[in-house]
Amino acid sequence: MAPRLQLEKAAWRWVESVKPEEIRWEHIELAYRVNLPACKRGACRRNCKGNPSCLVGIGEQAWLGEIDENAFHNIDDPNSERRDMNTFVGLTNLGATCYVNTFLQVWFHNLELRRSLYQCHNSRAQEHNSESDYEPQSISEHLQYLFALLQNSNRKYIDPSGLVKALGLDTGQQQDAQEFSKLFMSLLEDTLSKQKSPSLQNVIQQQFCGQFSYVTVCNQCGRSSALLSRFYELELNIQGHKNLNECVTEFLKEEKLEGENRYFCENCQSKQNATRRIRLHNLPPTINLQLMRFVFDRQTGHKKKLNTFISFPEQLDMGPFMEGLQGNFVYELSAVLIHRGISAYSGHYIAHVKDARTGDWYKFNDEEIEKMEGKKLQLGIEEDIAETVKSQTRKPKCSKGYHCSRNAYMLVYKIQEEESSETPRTNVEVPIWFMSPCLTSLLPRPRSQPSF
2 MAPRLQLEKA
12 AWRWVESVKP
22 EEIRWEHIEL
32 AYRVNLPACK
42 RGACRRNCKG
52 NPSCLVGIGE
62 QAWLGEIDEN
72 AFHNIDDPNS
82 ERRDMNTFVG
92 LTNLGATCYV
102 NTFLQVWFHN
112 LELRRSLYQC
122 HNSRAQEHNS
132 ESDYEPQSIS
142 EHLQYLFALL
152 QNSNRKYIDP
162 SGLVKALGLD
172 TGQQQDAQEF
182 SKLFMSLLED
192 TLSKQKSPSL
202 QNVIQQQFCG
212 QFSYVTVCNQ
222 CGRSSALLSR
232 FYELELNIQG
242 HKNLNECVTE
252 FLKEEKLEGE
262 NRYFCENCQS
272 KQNATRRIRL
282 HNLPPTINLQ
292 LMRFVFDRQT
302 GHKKKLNTFI
312 SFPEQLDMGP
322 FMEGLQGNFV
332 YELSAVLIHR
342 GISAYSGHYI
352 AHVKDARTGD
362 WYKFNDEEIE
372 KMEGKKLQLG
382 IEEDIAETVK
392 SQTRKPKCSK
402 GYHCSRNAYM
412 LVYKIQEEES
422 SETPRTNVEV
432 PIWFMSPCLT
442 SLLPRPRSQP
452 SF
């Protein structure tokens, strides 16, 4: 909204050139600002005295019930922003933070991670007894509070700016999504390691961490050495491949160490030709598979996006890659992260996530959330449209139980639950101390919403 003095001058400027006998109805409308448009969403924080069409701050909190008086301070129709029953909550895009929103939705739907975060000690929230707003400090507190809002907010979408600011992210510049995922998980792991409970200290490792080793064999003496390493995601090359199985196979295949890349053999005490491969030892309950769509182009000196179609299954059997190890290695697809656009430096990110409680699939697109029909993953028509003339490749036909995408850059698989008499723990309750009198205005619990 323009400053009040500026509005007053504009409203009465016609007086300088119009005689009293020439005053018309349109002049009266100008003087009383009748034709001024309603203030746009986000343009003002209180009712504008210079605009009779401003509908902000007119006492709407009285008929919105539990809603915080500031919750709908800058929207045209507050009721249109109210969360419907049995729906999830979206996240506001702060400019170029859609990539952050997709990961937050995926992590929120990891029930074990959410449950563990709620169990983290938060003395400031538990002792919060003032009328001032509760302000999280650590990364775990920010994520804890954000998850509580995603679960219990009355609004259709919430603002993640608190967490984004705590991470020091530039909201106007899109970051490398794959790099952000790794850095954030590392930061969260470091933060949780300060918890007193051992189970909370290790929740990231327990949920996402697996082990493999680099096995190197000297061609001269045959000596084998293994270097054990942890992983939180598997980075899979997609160039020249058509399906996920081919990508995993290449990841584990043997490579030759020759020429300048020869291996120093401790037994031979000299550099020798050798072979090296990756051997998987154990897999976590949740496997994050990074499809390396964004690669460095040596010709241009910049990153580029690969628009290769890759097919992937709804059910992934990792058993054949475990070299005879015993155990349950069957996983079910739980999330697909999509990048729309032809450039590695721009575009838009969305997430398709499976609800662990119902098995329904949802598309999370910042503030907008769409439920898929028939409990089936539907990647949408955007997956079939070529972004450029050079990428006019026909979408391959997918077998039943498979999906094809030229824009998927991360696949999340969760271990298939074995049949048992125990009821799965699908309900996660927000901590009772988040429902204290001073915090309920910040975190209202909708009477009609189920426990997620």
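What the sequence shown shows, in our numbering, is residues 2 to 453, in sequence order.
We treat Cβ as the ideally placed atom computed from N, Cα and C, and that holds for glycine.
Computed from a predicted structure; not experimentally measured.
Legend entry - Spatial distance of Gln-187 from Leu-317 (CA atoms): A quick correction: the sequence has Ser, not Gln, at residue 187. So the two alpha carbons sit approximately 26 Å from each other.
Inset, instruction - Could you check if Asn-111 is buried or exposed, using at least 16 other CB atoms within 10 Å of its CB as the buried criterion? - result: buried
Legend entry - Selection from Glu-27, Tyr-100, Glu-30, Cys-55 that minimises the alpha carbon distance to His-349: Tyr-100
Legend entry - Residues near Lys-20 in its chain [Cβ-Cβ closer than 8 Å; skip 5 each side]: none
Legend entry - Top-ranked residue by Cα proximity to Asp-191, from Asp-177, Gln-206, Gln-120, Glu-180: Gln-206
Legend entry - Identity of the residue in Tyr-158, Ala-357, Gln-152 nearest Asn-366 by Cα: Tyr-158
Legend entry - Asn-244 beta carbon less than 8 Å from that of Ile-339: no
Inset, instruction - Report the option in Gln-273, Gly-241, Tyr-363, Gly-260 whose CA atom is closest to the CA atom of Leu-307. - result: Among Gln-273, Gly-241, Tyr-363, Gly-260, the Cα nearest to that of Leu-307 is on Gly-241.
Legend entry - Endpoints, the beta strand (DSSP E) within which Gln-212 is located: 211-219
Legend entry - Pick from Arg-263, Val-354, His-282 that is closest to Gln-106, judged by C-alpha positions: Val-354
Inset, instruction - Return helix, strand or coil for Arg-14, following the three-state DSSP convention. - result: helix
Legend entry - Close Cβ partners of Phe-330 (< 6 Å) along its chain, the five nearest in sequence each way excluded: Result list for Phe-330: Met-319, Gly-320, Met-323, in chain order.
Inset, instruction - Note down, in chain order, each residue of its chain lying with its Cβ closer than 6 Å to the Cβ of Thr-103, except the 5 sequence neighbours on either side. - result: Counting only Cβ-Cβ distances below 6 Å, and skipping sequence neighbours, we find Leu-338, Tyr-350, Ala-352.
Legend entry - Burial state of Leu-380 (16 or more Cβ within 10 Å): buried
Legend entry - Contiguous alpha helix (DSSP H) assignments of at least 4 residues, all confined to the region 129-195: 140-153, 162-167, 178-193
Inset, instruction - Alpha carbon to alpha carbon, how far is Asn-274 from Asn-238? Give it in angstroms, no decimals. - result: 25 Å
Legend entry - Separation of Tyr-346 from Arg-14, as counted between CA atoms: 48 Å
Inset, instruction - Rank Val-296, Ala-167, Glu-267, Leu-114 by C-alpha distance to the C-alpha of Cys-222 and give the top, closest one. - result: For the set Val-296, Ala-167, Glu-267, Leu-114, the Cα lying nearest the Cα of Cys-222 is the one of Glu-267.
Legend entry - Spatial distance of Thr-389 from Lys-305 (CA atoms): Only weak support exists for where Thr-389 lies, its pLDDT of 48 falling under 50; the value from the coordinates is given anyway. Each residue's Cα considered, the two are about 13 Å apart.
Inset, instruction - Below 8 Å on the Cβ atoms is my guess for Thr-93 versus Glu-368; work out the distance and round it to an integer in Å. - result: Going by Cβ atoms, the distance from Thr-93 to Glu-368 rounds to 6 Å, so yes, they are a contact pair.
Legend entry - Segment contact, 8 Å Cβ cut-off, at least three pairs: the region 394-411 with the region 279-296: yes
Legend entry - Three-state secondary structure (DSSP) of Cys-439: With a pLDDT of only 44 at Cys-439, under the threshold of 50, the placement of this residue in the model should not be trusted; the figure read from the coordinates follows. The answer is helix: DSSP assigns Cys-439 an H, G or I state.
Inset, instruction - May I ask you to list the residues that DSSP assigns as paired with Pro-21? - result: Answer by DSSP bridge pairing: none, since Pro-21 is not bridged.
Inset, instruction - Give the straight-line distance between the Cα atoms of Leu-31 and Ala-149, rounded to the nearest whole angstrom. - result: A straight line joining the alpha-carbon of Leu-31 with that of Ala-149 spans about 47 Å.
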